[in-house]
Structures are given as C-alpha cells and as structure tokens.
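Since the structure comes first, as structure tokens, the remarks are kept for the end.
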Amino acid sequence: MSPSKGVKVVVGMQDFLPAMRELSLVIASYESSLNACGAIGVIGPTRMNYKEMISMVDYTAQTLSNILSDH
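The sequence shown begins at 233 in my numbering and counts up by one.
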C-alpha cells in the first residue's frame, strides 16, 4: 500500500499549547466517494515510534477511505 498524500507529522506541539511541548501528532486525511472527509491521528510522546505510527495511521486512513467509498 502506498503512503497517503495526507500524512502529516507535528513534533512538539508547543505552538498549539505550551503544555503540549512533549507531545507529537501523526495525522492523515480520509475521504469517501460522496465527498465526505475527515482526519484520523495519534497524539503521543515525542519519543514515539514514528515509523510504526505513520504506517498505522496511513493504513487506517486508506482503509477508512476504501470502506466509505464502497458504501
């Protein structure tokens, strides 16, 4: 499965809220054939396994897009 165009990683979220400086975000977008769309992601420590989280979030977003497009 190829990487989703919508995968983003934000390391250290202090720009959003200073208390979140030790957290990171891995997020990907999904969409359906009916123009419904959204995002799914994981918030975790800055020392999380990014390779694993990017793969998991990307796979989940693509699967969600496929499920929503089939119905």
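Note that beta-carbon positions come from the ideal geometry of N, C-alpha and C, so glycine has one too.
Checklist entry - Can Met273 and Ile286 be called in contact, C-beta distance under 7 Å? => result The count along the sequence shown starts at 1 and reaches residue 273 at position 41. The count along the sequence shown starts at 1 and reaches residue 286 at position 54. For clarity, residue 273 is Gly in the given sequence; the question names Met instead. Result no, Cβ atoms of Gly273 and Ile286 do not sit closer than 7 Å.
- How many Å lie between Val289 and Phe248 at the Cα? What you label residue 289 is simply residue 57 of the sequence shown in a count that begins at 1. What you label residue 248 is simply residue 16 of the sequence shown in a count that begins at 1. About 21 Å.
Practice prompt. Just tell me which of Tyr262, Leu266, Leu257 has its CA closest to the CA of Gly276.
Written response: Residue mapping note: residue 276 aligns to position 44 of the sequence shown, counting from 1. Among Tyr262, Leu266, Leu257, the Cα nearest to that of Gly276 is on Leu257.
Close Cβ partners of Lys240 (< 7 Å) along its chain, the five nearest in sequence each way excluded
Along the sequence shown, read from residue 1 onward, the residue named residue 240 stands at position 8. Within the same chain, Lys240 has close Cβ partners Ile259.
#### Entry: Closest residue to Tyr282 among Leu255, Gln246, Ala251, Pro250 (Cα-Cα distance)
On the sequence shown, residue 282 is found 50 positions in, with the first residue counted as 1. It is Leu255 whose Cα lies nearest to the Cα of Tyr282.
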